[in-house]
Amino acid sequence: MEISTSSKQINISLIGNPNSGKTSVFNRLTGLNQRVGNFPGVTVDKKSASLHLSDGRKATLIDLPGTYSLYPTSMDERVVLDVLLDTKSKYYPEVVVCVVDATNLERHLLLLSQVKDLGIPVVLGLNMVDLADKNGVEVDLAFLQKSLQVPVVKINGRTGKGISELLDKVEDVLYQPSQEFMPLDALASPVIEEVKKSMLVKNDYQALLLAHHHQRLHYLTEAEKQQLIQTTEKHAFQSIRLQVEETMQRYAKITPMVELALKKSMSAEEDTFTDKLDKVLTHKLWGSLIFFSILFVVFQAIFAWAEYPMNLIDDIFSALSAYFTSVLPEGVVASLLTEGIIPGIGGVVIFIPQIAILFGFIALLEEVGYMARAVFLSDNLMRKFGLNGRSMVSLFSGAACAIPAVMSTRTISNWKERLITIFVTPFISCSARIPVYTVLVAFVVPAEKFWGVFELQGLVVLGLYILGVVGALGSAYVMKKILKTGESSFFVMELPVYKTPQWKNTLITIWEKVKTFVVEAGKVILVISIVLWVLATYGPGDAMDKVAEQVKAHPEYSQLPKEELDNLIASKQLEVSYAGIFGKAIEPAIKPLGYDWKMGIALLTSFAAREVFVGTMATIYSIGSEEEDRVIEKIRKERNPETGELVYNAATAMSLLVFYVFAMQCMSTLAVVQRETKSWAWPALQLVYMTAVAYLSALLTFNIMS
Amino acid sequence: MIVQRNLSELQEGESSKVSGFVDQEIAVKLLEMGLLPGCSIKLLRTAPFGCPLYLKVNQNYLALRRKEAANIILE
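Same order as they appear, the protein sequences are chains Y and R. So in the numbering used here, spot 353 of the first sequence is number 353, and the numbers just go up one at a time. To convert a position in the second sequence, counted from 1, into the numbering used here, add 1000.
Dropping the structure here:
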């Protein structure tokens, strides 16, 4: 017995209420040594890290999402229940470390009492003791420890104090099941007894939670679910009533205990720092104005700060391509590397600065506690469009990249609100649209100042962003009217007290978001880049070679310098390649929008990443480099061979811009939406719907302008 | 019989005490967030257009919509 338990992998789960400072504690314990994975069956992030206990044994620390109780309402919270109930799971914890906010003892002990009743060994990490001290509240540790029957350690997630002690206590309680916090059989004894018999669980609370949650537990088999449904129906099990009763009984025990454990030396301040700050920050008028100013500053920063690193990345990858072109013998390998793989990777890396900056701001606003205020201020507006205050955070993130934004909807507990948020988030102009906007806006809008202050081009770009927001909210409104749900929507949110930010937490969040983007988007973008390279490099039969010969043999071109001749050949070859054939095939469909087959190719390649548009246009117009100025100059002169009219006029460019605002041109996002909604129907609908909106809007724009 | 007030009828800046809940499903959520019968509760302010409500419950701050607030009965 001894041998079998000690050789087993030791899992330590970290749990706690939202805002308990749990993340800081986890970051303290692990640093950057974290792995992000998925819990089986769900897409909620599982953050874990390996640790060594003092006796050298290895343990895995798993950070569970913040939750108020074991009666979850959102997808995030449900994971906690899945992990703590499934005793056979490989994530089932040997010990739970429960992080508790000392300034909010009563509420935080509710969750701890529930974990105790599951029989899992628990260690209580008492966080924010310094804050309690400041409020004139002293916690009697010995008393708390005695009445709860769990080891209590004072910790400070901000300074790291007490963290190593916490691990020592973990070793102390290992394999020592927790004492029951309170008897539960009085609540629903017939059901508990029957579940214990049929499901082979020994513990009362496990049985009770199974009776409550069986329909939503991922690990149960169909037969087990049926069995539980039968049991609960037979005994007319009233889930909601029993939840209230259980919670009240717990508080009946916790409240007097907390009163005895706390020594108050002064009465609580009437007007705290948070109170004072929120008088302004959540003020109806000033609060809203400040919120919009913050949004404005963040977007300014994205453009101003990201430009330099982005140019640098661009230069590095161009140099890499040029280097390999010069050293490798000409052929398929060189071409695949320099025209497929390197630009493909570059296309992913180039977005990192913008994504890092935007998520840096979001993480910082979250850290100081402002994000909850932004949610509070925008809930009413969001609700009119079938969304939730929390959707605002997702839409905001969508301006960097839709992939992490879609993932961030997991905190929205109402399924309909969450689904609508996922569906409309890709309408928000993400960083991949910026290069397209830059080229096309520079083409149609003169670089002039408006009233002497505003850049006219900047205003048009702003207009495109607003158009994206209108598209998102408009679509949300339509979905709100169409989708029916029986699920009630509720919004109860804690507004945490303001805190100075922890830079380490912010940096780790940025690191995680960037990693998610690189992994999720990166692999798709890379694969598509290679597929597109194949389509653009090969044509049916020997068409490609023939074209090259024709150009070389043409007397008119024989005087051209080598570089220009090569570019010309590349352009002609693209025309007869599979990509060119595709472009010509869809030309009838895009002609009403003012596009020709060349733009058709660019629309196709945009599926890898929207910014590939610029590179494709450069190749089509036989410009060796991707310099934006030269692309603009070239397309300005392009004429239709049949009519002799300019191909690109203001109408075409505006139509193309509008198309890019609305179109769903991102395979990675579709893949993530599939995972989050667990259905191919939603991403398929999203693709069809967004393409239709893009097409019709572009059609309208073109016809109005020409 | 005294007609009991609910939280949505509280004026901005006014304080009261929680006495109970109407809807049990929302009650569970509120209880676990520390909003218990007997708690002192103050409506600090509302968001633009009167919803959601910004409340101080004991020493905690909670935001909830008017619809949920109507489920909270005051003493």
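Just so it is clear, CB atoms sit at the ideal spot from N, CA and C, and this is done for glycine as well. Predicted model only: the values in this text are computed from it and were never measured.
Spatial neighbours of residue i in its chain, beta-carbon cut-off 7 Å, leaving aside the 5 residues before and after
i	result
Y:Gly160	Arg28
Y:Lys264	Gly136 and Val137
Y:Ser335	Thr537
Y:Tyr557	Val551, Leu565 and Leu568
R:Ile1026	Glu1068 and Asn1071
Residue nearest to residue i in terms of C-alpha spacing, selected from the options
i	options	result
Y:Leu395	Y:Asp101, Y:Pro426, Y:Ala334 and Y:Pro555	Y:Pro426
Y:Pro343	Y:Ser326, Y:Ala356, Y:Ala319 and Y:Pro329	Y:Ala319
Y:Val244	R:Val1028, R:Gly1038, R:Gly1013 and R:Pro1037	R:Val1028
Y:Asp117	Y:Phe423, Y:Phe181, Y:Lys253 and Y:Glu564	Y:Phe181
Y:Thr272	R:Thr1046, R:Ala1069 and R:Gln1059	R:Gln1059
Y:Ser571	Y:Trp597, Y:Ile590 and Y:Arg373	Y:Trp597
Y:Tyr724	Y:Glu611, Y:Thr691 and Y:Ile12	There is no way to answer for residue 724 of chain Y, as the model of chain Y reaches only from 1 to 706.
R:Leu1062	Y:Val492, Y:Ala236 and Y:Ser655	Y:Val492
Y:Asp315	Y:Gln227, Y:Gly346 and Y:Ala304	Y:Gly346
Y:Pro183	Y:Met128, Y:Thr247 and Y:Met407	Y:Thr247
Y:Thr707	Y:Gln238, Y:Cys401 and Y:Pro501	Look at the range of chain Y in this structure, 1 to 706, and you will see that residue 707 of chain Y is not part of it.
Y:Ile635	Y:Tyr660, Y:Ala663, Y:Ser606 and Y:Met599	Y:Met599
R:Glu1075	R:Thr1046, R:Gly1038 and R:Gly1034	R:Gly1038
Y:Pro592	Y:Leu700, Y:Tyr92, Y:Val547 and Y:Asp545	Y:Leu700
R:Leu1044	Y:Glu270, Y:Trp682 and Y:Phe351	Y:Glu270
Y:Ser239	Y:Leu603, Y:Arg250, Y:Val673 and Y:Leu208	Y:Leu208
Y:Asp542	Y:Val576, Y:Glu556 and Y:Pro329	Y:Val576
Y:Thr282	Y:Leu110, Y:Ala301, Y:Ala372 and Y:Ile357	Y:Ala372
Y:Asp278	Y:Ser326, Y:Ser321, Y:Ala374 and Y:Val524	Y:Ala374
Y:Lys253	Y:Phe317, Y:Lys234 and Y:Leu144	Y:Leu144
Y:Ile530	Y:Ile341, Y:Phe324, Y:Leu64 and Y:Gly66	Y:Ile341
Pairwise C-alpha distance: residue j and residue i
i	j	result
Y:Glu106	R:Tyr1054	21 Å
Y:Lys499	Y:Val368	5 Å
Y:Arg383	Y:Leu568	55 Å
Y:Phe361	Y:Thr691	31 Å
Y:Val688	Y:Thr652	23 Å
R:Leu1031	Y:Val191	24 Å
Y:Val348	Y:Ile155	41 Å
Y:Tyr695	Y:Ser48	45 Å
Y:Leu131	Y:Thr255	20 Å
Y:Leu312	Y:Ala306	10 Å
Y:Thr605	Y:Leu532	7 Å
Y:Leu560	Y:Phe291	58 Å
Y:Ala186	Y:Leu242	11 Å
Y:Lys480	Y:Lys58	50 Å
Y:Asn236	Y:Gln227	Residue identity check: residue 236 of chain Y is Ala in the sequence provided, not Asn. Cα-Cα distance, rounded: 14 Å.
Y:Val83	Y:Asn505	25 Å
Y:Glu2	Y:Tyr91	Caution is warranted here: a pLDDT of 39 is assigned to Y:Glu2, below 50, making its placement in the model unreliable, and the coordinate value is therefore given only provisionally. So the two alpha carbons sit approximately 20 Å from each other.
Y:Ile466	Y:Ser697	15 Å
Y:Glu587	Y:Lys416	38 Å
Y:Gly386	Y:Met392	12 Å
R:Val1057	Y:Asn104	11 Å
Y:Glu494	Y:Leu111	16 Å
Y:Ser475	Y:Lys197	51 Å
Proximity below 8 Å, CB of residue i to CB of residue j
i	j	result
Y:Phe490	R:Glu1068	yes
Y:Gly125	Y:Val99	yes
Y:Val170	Y:Val97	yes
Y:Lys284	R:Pro1052	no
Y:Phe702	Y:Ser655	yes
Y:Val201	Y:Ala211	no
Y:Val672	Y:Glu564	no
Y:Gln573	Y:Ala553	no
Y:Ser413	Y:Pro404	no
Y:Phe443	Y:Ile601	no
Sequence-distant residues of the same chain with beta carbon closer than 8 Å to residue i, five excluded per side
i	result
Y:Ala447	Glu455, Leu456 and Gln457
Y:Pro93	Asn11, Ile12, Ser13, Ile62, Val83, Leu84 and Ile120
Beta-carbon proximity list for residue i, same chain, < 6 Å, skipping 5 on both sides
i	result
R:Ile1073	Gln1004, Asn1006, Ser1019 and Gly1020
Y:Val150	Val122 and Leu124
Y:Ser6	Because the pLDDT at Y:Ser6 is just 46, under 50, the model does not fix this residue reliably, and the point stays unresolved.
R:Thr1046	Leu1053
Y:Pro353	Ala306, Pro309 and Met310
### Message
Quick check on the DSSP output: what are the complete alpha helix (DSSP H) runs of length 4 or more inside the stretch 272 to 299 of chain Y, in order along the chain?
### Response
273 to 281
#### Entry: Length-filtered (4 minimum) alpha helix (DSSP H) runs lying within the stretch 441 to 477 of chain Y
If we require 4 residues or more, the stretch 441 to 477 of chain Y turns out to have no alpha helix (DSSP H) run fully inside it.
### Task
May I have a chain-ordered list of the alpha helix (DSSP H) segments no shorter than 4 residues that lie completely inside the stretch 650 to 675 of chain Y?
650 to 662
#### Entry: beta strand (DSSP E) runs wholly inside the stretch 230 to 266 of chain Y, at least 3 long, in chain order
Fully enclosed beta strand (DSSP E) runs of 3 or longer: 262 to 264.
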